[in-house]
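Here's the structure, in structure tokens; my notes come after.
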Amino acid sequence: MRSIFLHAKLEFMASSSEKRKGYWDEKEEEEEESLSSKRGGAGGVKPKGEEPRSVDSQGLAKKIQEATALLEQTHQLYLLYFNGIEKRPPAEKVIQLDAKALELQKLATQGVSHKFKVTQYIQHFNSLKELWARKLREKEHR
Numbered sequence: 000m001r002s003i004f005l006h007a008k009l010e011f012m013a014s015s016s017e018k019r020k021g022y023w024d025e026k027e028e029e030e031e032e033s034l035s036s037k038r039g040g041a042g043g044v045k046p047k048g049e050e051p052r053s054v055d056s057q058g059l060a061k062k063i064q065e066a067t068a069l070l071e072q073t074h075q076l077y078l079l080y081f082n083g084i085e086k087r088p089p090a091e092k093v094i095q096l097d098a099k100a101l102e103l104q105k106l107a108t109q110g111v112s113h114k115f116k117v118t119q120y121i122q123h124f125n126s127l128k129e130l131w132a133r134k135l136r137e138k139e140h141r
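Sequential numbering from 0 applies to the sequence shown in numbering that gives the first Met the number 0.
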């Protein structure tokens, strides 16, 4: 009985890995086509609205530092709001933080350390966001 389940699970894993492999193969083909079209027809000019995918390590470190500073500032503003000093929660700052997090996720990071720092920042932001949401719910129920 157990071997039947194991066999079914292995078949499912094999079929899902084939699906993923096909998906990634399609993505690679699309990237190759887009690269060849950029080189050939447009003379190497990037289409409008497309941001660079990679950034140098100093630029990425600076972006992470700016995002962390904005996160700390927003956290301080939320603390002031929860203690009754501020009248409104800093919702516009949270929107800015969401944009920064998306920007950092989209940037291609060259090194493992930068990937780690971006992931660490995003996890810290998400945990603070959950904390703020919980405290806002508590404040509404009082």
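Glycine included, each C-beta is placed from N, C-alpha and C at the ideal position.
Residue i: CB within 6 angstroms of a non-hydrogen atom of the ligand COA
i	result
residue 126	Among the components of this structure there are no ligands whatsoever, and the ligand COA is therefore not found.
Below-7 angstroms beta-carbon distance, residue i vs any chain D residue
i	result
residue 96	Among the chains of the structure shown, chain D does not appear; only one protein chain is present.
Candidates the options, of which the one nearest residue i by Cα
i	options	result
residue 99	141, 134 and 70	70
residue 76	119, 89, 66 and 106	89
residue 128	55, 62 and 94	94
residue 58	140, 117 and 134	117
residue 68	55, 141 and 123	123
Contact under 7 angstroms by Cβ, residue i with residue j
i	j	result
residue 92	residue 73	yes
residue 60	residue 120	no
8 angstroms contact criterion, which residue i and residue j should meet: CB distance rounded
i	j	result
residue 103	residue 63	7 angstroms
Contacting residues, own chain, Cβ-Cβ under 8 angstroms from residue i (five flanking each side not counted)
i	result
residue 138	81
residue 130	none
Same chain, Cβ closer than 7 angstroms to residue i, five either side skipped, listed in chain order
i	result
residue 49	Caution is warranted here: a pLDDT of 48 is assigned to residue 49, below 50, making its placement in the model unreliable, and no coordinate value can be reported.
**OP:** Kindly confirm or deny that the segment 103 to 118 and the segment 74 to 89 touch, where touching means at least three C-beta pairs closer than 8 angstroms.
**Re:** Judged by pairs of C-beta atoms under 8 angstroms, the segment 103 to 118 does not touch the segment 74 to 89, as fewer than three such pairs exist.
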